[in-house]
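Protein chains in written order, with the working numbering: chain A, 2 to 120; chain B, -4 to 242. For each residue, glycine too, the CB sits at the ideal point set by N, CA and C. Below: the structure, in C-alpha cells.
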C-alpha cells in the first residue's frame, strides 16, 4: 500500500466495493456532500450548491437520497436574510464519513506530488 | 452535473454481454477510486475559501475580546463605577473578562476542530501526516513562552496580571499558527498577519513592561494588534475572492 505503483490490495478493493455498492454513495456528488458535512458538520443549501456545482433540483435530489438513508438531516432555519435550508450530518453519517476517510487513506499515493495515484 | 459513479454503476449493471470477473473488478476499482479521489480534491479546493470566511469570526471575536479587556474598564472609569466597593469592582472586571474569554475560547474550539478535521481529509488524500515538525516547533515555542512568562512574573510581580495575559495570548498565537497550518496549506495572508501581529504585540508588551517600565506600551501594543485583527476579519469575510455564500 502507498507505494505509488497503482496496485490495490484485495481487502481495499472489497472495502471500496462495499462502500460504493450502497445506493446512497453511488454518486460523486453524494460522496462530496458526505465529505463536506463530515468535516463541517452543518452547511447551508447555498454553500452546498457552491461546493457541488449542481443545479438546485439536482442537489435537492441528492440531499433527499442521503436523508432517506439516515446519513444527514435537513431543516429550515430562520435567519435575518430569510429562511434557509441547512443540512446536518447524523451519527450514522459520521460513521460512514469515517469509512470514506479510511478508504481515502488507504488509496495508493504518489509521494513525490502527494497526489493519489491515477488509475 | 456529471456523476461518474452513477454512470459507471449503470453501465456495469446494464451490460448485456458477459463480463469477466477481472474487468468487472477493474471497472469497479477505477470508478470508486476516481470518485473518492476527485471528491476529496474538489472538497479541499472549496474548503479553503469556506474556511477563510469562517476564520473571520475567529479574528473578530479575539479582537473584540482584547478591545473589551481595555475598553470596558476605561468606559466604566468614566462613570461613577470607581466609587463602588473594591470587591464589586473586582468581581465586575473578572466577570467581564470571563465572558469575553469564554466566548472567544468557544469560537476557538469550534474552529480548531474544523481545522483538524479538514487536515484529516488533506492528510488522507495526500497519504501522509505532514505536521509533525510544526507540532514540535509549537511545543517548543509554548514551553519557551511559559518559562519566559514565569521568569518575568517572578521578577516584575507588579505587572503580573499584564505579563500573564501577554504570555497567554502569545501561546494562543503559536497555537493559532499550528491550526492555520492544519486548515490551510499554504496559510493565507491574513492568517500570517494575525499571528505575527499578536507575537509582535506580546514582544512589544514584554519590552515595555520589563525593560522600559512603560505600562502604557502594553495597552498600545494590544490595541494595535486588535485593530490589525479587525482588519484581518474584514478581509477574510469580504475580501476573499474564493469565498462562498451562506453556511
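Which of helix, strand or coil DSSP assigns to residue i
{"i": "residue 79(A)", "result": "strand"}
{"i": "residue 87(A)", "result": "strand"}
{"i": "residue 160(B)", "result": "helix"}
{"i": "residue 182(B)", "result": "coil"}
{"i": "residue 121(B)", "result": "helix"}
{"i": "residue 27(A)", "result": "coil"}
{"i": "residue 48(B)", "result": "helix"}
{"i": "residue 71(A)", "result": "coil"}
{"i": "residue 112(B)", "result": "helix"}
{"i": "residue 42(A)", "result": "coil"}
{"i": "residue 209(B)", "result": "coil"}
{"i": "residue 63(A)", "result": "helix"}
{"i": "residue 102(A)", "result": "helix"}
{"i": "residue 229(B)", "result": "helix"}
{"i": "residue 68(B)", "result": "helix"}
{"i": "residue 54(A)", "result": "coil"}
{"i": "residue 74(B)", "result": "coil"}
{"i": "residue 79(B)", "result": "coil"}
{"i": "residue 139(B)", "result": "helix"}
Contact belief for residue i with residue j at Cβ below 8 Å, rounded distance in angstroms
{"i": "residue 169(B)", "j": "residue 133(B)", "result": "5 Å"}
{"i": "residue 235(B)", "j": "residue 47(B)", "result": "5 Å"}
{"i": "residue 177(B)", "j": "residue 114(B)", "result": "4 Å"}
{"i": "residue 60(A)", "j": "residue 94(A)", "result": "Rounded, the Cβ-Cβ distance is 17 Å, inconsistent with contact."}
{"i": "residue 220(B)", "j": "residue 61(B)", "result": "7 Å"}
{"i": "residue 218(B)", "j": "residue 65(B)", "result": "6 Å"}
{"i": "residue 109(B)", "j": "residue 40(A)", "result": "7 Å"}
{"i": "residue 130(B)", "j": "residue 173(B)", "result": "7 Å"}
{"i": "residue 225(B)", "j": "residue 55(B)", "result": "7 Å"}
{"i": "residue 42(A)", "j": "residue 119(B)", "result": "18 Å between Cβ atoms; not a contact."}
{"i": "residue 44(A)", "j": "residue 101(A)", "result": "Between residue 101(A) and residue 44(A) the Cβ distance is about 16 Å, and since that is not below 8 Å, they are no contact."}
{"i": "residue 38(B)", "j": "residue 116(B)", "result": "7 Å"}
C-beta neighbour in chain B for residue i, strict 9 Å
{"i": "residue 40(A)", "result": "yes"}
{"i": "residue 29(A)", "result": "yes"}
{"i": "residue 97(A)", "result": "no"}
{"i": "residue 92(A)", "result": "no"}
{"i": "residue 81(A)", "result": "no"}
{"i": "residue 104(A)", "result": "yes"}
{"i": "residue 113(A)", "result": "Note that residue 113(A) scores a pLDDT of 49, beneath 50, so its modelled location is shaky and nothing firm can be said."}
Distance between residue j and residue i (C-alpha atoms, nearest Å)
{"i": "residue 119(A)", "j": "residue 29(B)", "result": "Per-residue confidence for residue 119(A) stands at a pLDDT of 45, beneath the threshold of 50, marking its modelled position as unreliable; the derived number appears in the next sentence. C-alpha separation (whole angstroms): 8 Å."}
{"i": "residue 29(A)", "j": "residue 34(B)", "result": "6 Å"}
{"i": "residue 213(B)", "j": "residue 26(A)", "result": "55 Å"}
{"i": "residue 193(B)", "j": "residue 90(A)", "result": "35 Å"}
{"i": "residue 41(B)", "j": "residue 52(A)", "result": "6 Å"}
{"i": "residue 93(B)", "j": "residue 80(A)", "result": "28 Å"}
{"i": "residue 203(B)", "j": "residue 191(B)", "result": "18 Å"}
{"i": "residue 251(B)", "j": "residue 205(B)", "result": "Outside the shown range of chain B (-4 to 242) lies residue 251(B), about which nothing can therefore be said."}
{"i": "residue 52(B)", "j": "residue 182(B)", "result": "17 Å"}
{"i": "residue 54(A)", "j": "residue 171(B)", "result": "32 Å"}
{"i": "residue 167(B)", "j": "residue 98(B)", "result": "15 Å"}
{"i": "residue 99(A)", "j": "residue 67(A)", "result": "16 Å"}
{"i": "residue 33(A)", "j": "residue 83(B)", "result": "54 Å"}
Min CB distance residue i to chain A below 9 Å
{"i": "residue 115(B)", "result": "yes"}
{"i": "residue 243(B)", "result": "A query on residue 243(B) cannot be resolved here, the shown segment of chain B reaching from -4 to 242 and no further."}
{"i": "residue 34(B)", "result": "yes"}
{"i": "residue 112(B)", "result": "yes"}
{"i": "residue 109(B)", "result": "yes"}
{"i": "residue 132(B)", "result": "no"}
{"i": "residue 173(B)", "result": "no"}
{"i": "residue 106(B)", "result": "no"}
{"i": "residue 30(B)", "result": "yes"}
{"i": "residue 231(B)", "result": "no"}
{"i": "residue 223(B)", "result": "no"}
Cutoff 9 Å: residue i Cβ touching any chain D Cβ
{"i": "residue 108(A)", "result": "The structure shown contains no chain D; the protein chains it does contain are A and B."}
> Which of the residues in the stretch 44 to 75 of chain A, read from start to end, lie with their CB under 8 Å from any CB of chain B?
Replying inline: 44, 45, 46, 47, 48, 51, 52, 53, 54, 55, 56, 59
> Mind listing which residues of the stretch 37 to 70 of chain B have their C-beta closer than 8 Å to chain A's C-betas, in chain order?
Replying inline: Within the stretch 37 to 70 of chain B, the qualifying residues are 37, 38, 41, 42, 45.
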